[in-house]
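K.L.:
Just so you know, the protein sequences line up as chains A and B, in that order. Quick note: the first sequence uses this note's numbering, first residue -17, plus one each step. Quick note: the second sequence uses this note's numbering, first residue -17, plus one each step. We treat Cβ as the ideally placed atom computed from N, Cα and C, and that holds for glycine.
Number of protein chains: 2
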Amino acid sequence: MNQFLFNIERTFKASEVELSALKNAMKEEHLKRNQVFLKSGQVCTKLAFISEGSMRLFYDSPNKEVCNDFFFENSIVGSLASFLSQTPSLTTITSIEPCRLFVLHRDDVMNLVANHASLRKMADIVVQEQLLRTEKREAALLSVNPEDRFKNLMEEHPKVFKRIPLHYVASYLGITPETLSRYRTKFLV
Amino acid sequence: MNQFLFNIERTFKASEVELSALKNAMKEEHLKRNQVFLKSGQVCTKLAFISEGSMRLFYDSPNKEVCNDFFFENSIVGSLASFLSQTPSLTTITSIEPCRLFVLHRDDVMNLVANHASLRKMADIVVQEQLLRTEKREAALLSVNPEDRFKNLMEEHPKVFKRIPLHYVASYLGITPETLSRYRTKFLV
DNA sequence: AAGTTTTCTTGATTTGAATCAATTGCATTT
DNA sequence: AAATGCAATTGATTCAAATCAAGAAAACTT
């Protein structure tokens, strides 16, 4: 949590008052491995700052799970689309490793952003980053072939391969676990 | 423009005052075929309501263009990520058919949403819809095979095939024009 | 209207990833 | 430590889409 608050103070020039308001709203929660944080169909009523651990966000469509994203310590997790629109989430979010979370409930978030300019700015940036991320991901899925997507991920986020089960990584890359396994032997040995 | 204002009045219960504020801020502009509305690298400083015509938003990466989305009359176009963050746009937006636009500049948008609750609500919903749309698209690109993506698009947005050059549609679907052509003969004849 | 360019189609071939099928490895449980 | 179940690898085969290569058909230009 301190890391989070420090980032906010530095990045958004948040005041003491704002920081303590934020701190008071955050409740510590723990998840074991493979526990559900948000189930698709439910409305997302909370966001979490991940202090330790890793999580994944995925579509659990009838036939197969599709892994959309991974989250590690020092990032904020939640279904923004559902959280903002208060409509049922299309995605499920679960822990991968055991997690220490600092949870913010929607009412508190709404109060905080309504009353504190720097926190409003922070919230806007969370949304912007999500928009940028999905825009890039869309383009990558359309224009980069699977093998290069693998190479890019290896280069940009090597820890994904160390901490995330590979069949989830395969799903994230849009390939089968077999193909991922072959890429690994092809490029690592 | 009237269609747009009517929608806003009905959906967001905007008052007379709010509607006329919005109306005053909108400037009519016309685009010929294949004219640029926003070039990648530039900051997106305006949004447009499309009154007539069609547009496309795409990544113009070095090797190939990747078409991310199409827009038709009665929708709002712009790079939200760039518009909100005021960072250079990753995407380019051009007209496909000749367009009649009603353009809103950023300063005006910011003033309108700061001063009018119903317009703020509208802006939030524009962002939410974008988040939902990209979330779904991501999942579709990962979990639906190209042929089914084609069939879904045929079913959900048949006008795309009538009004958009097919090589753009192919790019949107993540396939080559040749493959799209084969799907068409396979399913239509 | 003739010519030029762009878009779309059709066919032959290649290629890369999925699928099918076992096997091995690893970790959790008892 | 043995047993169970899940995860990852490896090999053989199939299949779907890309690529390569012309042509045909529209759509602009002059």
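For A/L94, report the span of its beta strand (DSSP E) as first-last.
P.N.:
Taking the first residue of the first sequence as 1, we reach residue 94 of chain A at position 112. Looking at the DSSP string, A/L94 is not in any beta strand (DSSP E); the run it does join, the alpha helix (DSSP H), is R88 to N97.
K.L.:
Please tell me whether B/P70 and B/G23 are closer than 8 Å, where the distance is taken between their beta carbons.
P.N.:
Within the second sequence, the letter at position 88 stands for residue 70 of chain B. Within the second sequence, the letter at position 41 stands for residue 23 of chain B. Against a cut-off of 8 Å, the Cβ pair of B/G23 and B/P70 comes out as a contact.
K.L.:
In the DSSP assignment, what residue or residues form a beta bridge with B/D42?
P.N.:
By one-based count along the second sequence, residue 42 of chain B stands at place 60. For B/D42, which the question treats as bridged, DSSP gives the partners B/E47.
K.L.:
Taking 8 Å as the cut-off, does the segment 136 to 150 of chain A touch the segment 158 to 166 of chain A (at least 3 CB pairs, one atom from each stretch)?
P.N.:
Touching, yes, given that three or more Cβ pairs across the two stretches are closer than 8 Å.
K.L.:
Between which two residues does the beta strand (DSSP E) carrying A/K28 extend?
P.N.:
As a working mapping, residue 28 of chain A is identified with position 46 in the first sequence. Residues K28 to E34.
K.L.:
Among residues of its own chain, excluding the 5 on either side of B/R145, which ones have a beta-carbon nearer than 6 Å to its beta-carbon?
P.N.:
Along the second sequence, read from residue 1 onward, the residue named residue 145 of chain B stands at position 163. Cβ within range, chain order: S36.
K.L.:
Buried or exposed: which applies to B/R131, given that a residue is buried once 16 or more other Cβ atoms fall within 10 Å of its Cβ?
P.N.:
As a working mapping, residue 131 of chain B is identified with position 149 in the second sequence. It counts as buried.
K.L.:
What three-state label does DSSP hand A/S125 in the structure shown?
P.N.:
Within the first sequence, residue 125 of chain A is the residue found at index 143, counting from 1. Three-state result, A/S125: helix.
K.L.:
Please check if any C-beta of chain B sits within less than 8 Å of the C-beta of A/S100.
P.N.:
In the first sequence, the residue the question calls residue 100 of chain A occupies position 118. Closer than 8 Å: no.
K.L.:
According to a CB-to-CB cut-off of less than 9 Å, which residues of the segment 2 to 25 of chain A neighbour chain B?
P.N.:
So the list is empty, because no residue satisfies the distance condition.
K.L.:
Against chain B, with Cβ distances strictly below 8 Å, would A/Y41 count as a contact?
P.N.:
Walking along the first sequence from the start, residue 41 of chain A turns up at place 59. Yes - at least one Cβ of chain B is within 8 Å of the one on A/Y41.
K.L.:
Are the Cβ atoms of A/L13 and A/G60 separated by less than 8 Å?
P.N.:
Locating residue 13 of chain A in the first sequence gives position 31, where the first residue counts as 1. Locating residue 60 of chain A in the first sequence gives position 78, where the first residue counts as 1. No; because the gap between Cβ atoms is not below 8 Å, this pair is not in contact.
K.L.:
Could you check whether the Cβ of A/A96 sits closer than 8 Å to any Cβ belonging to chain B?
P.N.:
Position 114 of the first sequence holds residue 96 of chain A. Output row for A/A96: interface = no.
K.L.:
So with CB distances below 9 Å, who are the chain B contacts of A/A105?
P.N.:
For the purposes of this step, residue 105 of chain A is taken as the residue at position 123 of the first sequence. None at all; the shortest Cβ gap to chain B is about 11 Å.
K.L.:
So, is B/M92 buried or exposed, given that buried needs 16 or more other C-beta atoms within 10 angstroms?
P.N.:
The count along the second sequence starts at 1 and reaches residue 92 of chain B at position 110. The residue in question, B/M92, is exposed, as its Cβ has fewer than 16 Cβ neighbours within 10 Å.
K.L.:
Assuming B/I(-10) is part of the alpha helix (DSSP H), what are its boundary residues?
P.N.:
On the second sequence, residue -10 of chain B is found 8 positions in, with the first residue counted as 1. Residues N(-16) to F(-6).
K.L.:
Do we get a CB-CB distance below 8 Å when we pair A/E55 with the residues of chain B?
P.N.:
Within the first sequence, numbered from 1, the residue matching residue 55 of chain A stands at position 73. Not one chain B Cβ lies under 8 Å of A/E55.
K.L.:
Please check the pair A/L72 and A/V109, which I expect to be a contact at CB under 8 Å, by giving their CB distance rounded to whole angstroms.
P.N.:
Sequence index remark: in the first sequence, residue 72 of chain A carries index 90 (1-based). Sequence index remark: in the first sequence, residue 109 of chain A carries index 127 (1-based). About 17 Å separates the two Cβ atoms, so there is no contact after all.
K.L.:
Go through its chain and collect everything with a Cβ distance to A/K21's Cβ below 6 Å, but skip five positions before and after it.
P.N.:
Stepping through the first sequence from its first residue, residue 21 of chain A is reached at position 39. Contacts found: T74.
K.L.:
For A/L167, does the count of other Cβ atoms within 10 angstroms reach 16, so buried, or fall short, so exposed?
P.N.:
As a working note, residue 167 of chain A is residue 185 in the first sequence. Sequence check: residue 167 of chain A is Thr here, not Leu. A/T167 comes out exposed.
K.L.:
Determine the extent of the alpha helix (DSSP H) in which B/E(-2) is found, giving its start and end residues.
P.N.:
As a first step, residue -2 of chain B is located in the second sequence; it is residue number 16 there, counting from the start. Taken as a continuous stretch (DSSP letters only), the alpha helix (DSSP H) holding B/E(-2) covers E(-2) to A7.
K.L.:
For A/L136, which residues does DSSP report across the bridge?
P.N.:
On the first sequence, position 154 is the one that residue 136 of chain A refers to. Going by the sequence as given, residue 136 of chain A is Met instead of Leu. Beta-bridge pairing links A/M136 to no other residue.
K.L.:
Chain A partners of B/G60, CB-CB under 8 Å?
P.N.:
Locating residue 60 of chain B in the second sequence gives position 78, where the first residue counts as 1. Ordered by position in chain A, no residue passes the 8 Å Cβ test against B/G60, which lies about 12 Å from the chain.
K.L.:
Could you tell me which residues DSSP pairs with B/L83 in its beta bridges?
P.N.:
Working through the second sequence from its first residue, we reach residue 83 of chain B at position 101. Answer is B/E11 and B/I32, bridged to B/L83.
K.L.:
With a CB to CB cut of under 7 Å and the five nearest residues on each side skipped, what residues in its chain are close to A/M104?
P.N.:
Within the first sequence, numbered from 1, the residue matching residue 104 of chain A stands at position 122. Only I(-10) and F(-6) meet the Cβ criterion.
K.L.:
Quick check on this structure: which residue in B/H87, B/K133, B/Q68 and B/C49 has the alpha carbon closest to the alpha carbon of B/I58?
P.N.:
Along the second sequence, one-based indexing puts residue 58 of chain B at 76. Measuring from the Cα of B/I58, the nearest candidate turns out to be B/H87.
K.L.:
Return yes when at least one heavy atom of the ligand GDP lies under 7 Å from the C-beta of A/R115, else no.
P.N.:
The model depicted lacks the ligand GDP and carries no ligand whatsoever.
K.L.:
Determine whether the beta carbon atoms of B/V(-1) and B/Q68 lie at a separation below 8 Å.
P.N.:
Taking the second sequence and counting its residues from 1, the one referred to as residue -1 of chain B is at position 17. Taking the second sequence and counting its residues from 1, the one referred to as residue 68 of chain B is at position 86. No, the pair does not count as a contact, with Cβ atoms beyond the cut-off.
K.L.:
Under the assumption that B/E120 contacts A/R119 (Cβ atoms under 8 Å), give the Cβ distance between them as a whole number of angstroms.
P.N.:
Stepping through the second sequence from its first residue, residue 120 of chain B is reached at position 138. Stepping through the first sequence from its first residue, residue 119 of chain A is reached at position 137. The pair is a contact, with the Cβ atoms about 6 Å apart (cut-off 8 Å).
K.L.:
Using the Cα positions of B/Y154 and B/L135, report the straight-line distance between them to the nearest angstrom.
P.N.:
Taking the first residue of the second sequence as position 1, residue 154 of chain B is located at position 172. Taking the first residue of the second sequence as position 1, residue 135 of chain B is located at position 153. Each residue's Cα considered, the two are about 10 Å apart.
K.L.:
Shorter than 8 Å from the beta carbon of A/R88 to some beta carbon of chain B?
P.N.:
As a working mapping, residue 88 of chain A is identified with position 106 in the first sequence. Not an interface residue.
K.L.:
Interface residues of chain B around A/A121 at Cβ under 9 Å?
P.N.:
Translated into positions along the first sequence, residue 121 of chain A becomes position 139. Correct list: F40, Y41, S43, V48, N50, L72 and T73.
K.L.:
Could you round the C-beta distance between B/F19 and B/S77 to whole angstroms and report it? I think they count as a contact, below 8 Å.
P.N.:
The residue labelled residue 19 of chain B in the question sits at position 37 within the second sequence. The residue labelled residue 77 of chain B in the question sits at position 95 within the second sequence. 7 Å between Cβ atoms; contact.
K.L.:
Which residues, in order along the segment -16 to 2 of chain A, keep a beta-carbon less than 7 Å from a beta-carbon of chain B?
P.N.:
For the segment -16 to 2 of chain A, which is checked against every Cβ of chain B, not one residue is closer than 7 Å.
K.L.:
Please classify A/I157: does DSSP put it in a helix, a strand, or coil?
P.N.:
Residue mapping note: residue 157 of chain A aligns to position 175 of the first sequence, counting from 1. A/I157 falls in the coil class under three-state DSSP.
K.L.:
Given that a residue counts as buried once 16 or more other Cβ atoms are within 10 Å of its Cβ, and exposed if not, what is B/E117?
P.N.:
As a position in the second sequence, residue 117 of chain B is number 135, starting the count at 1. That one is buried.
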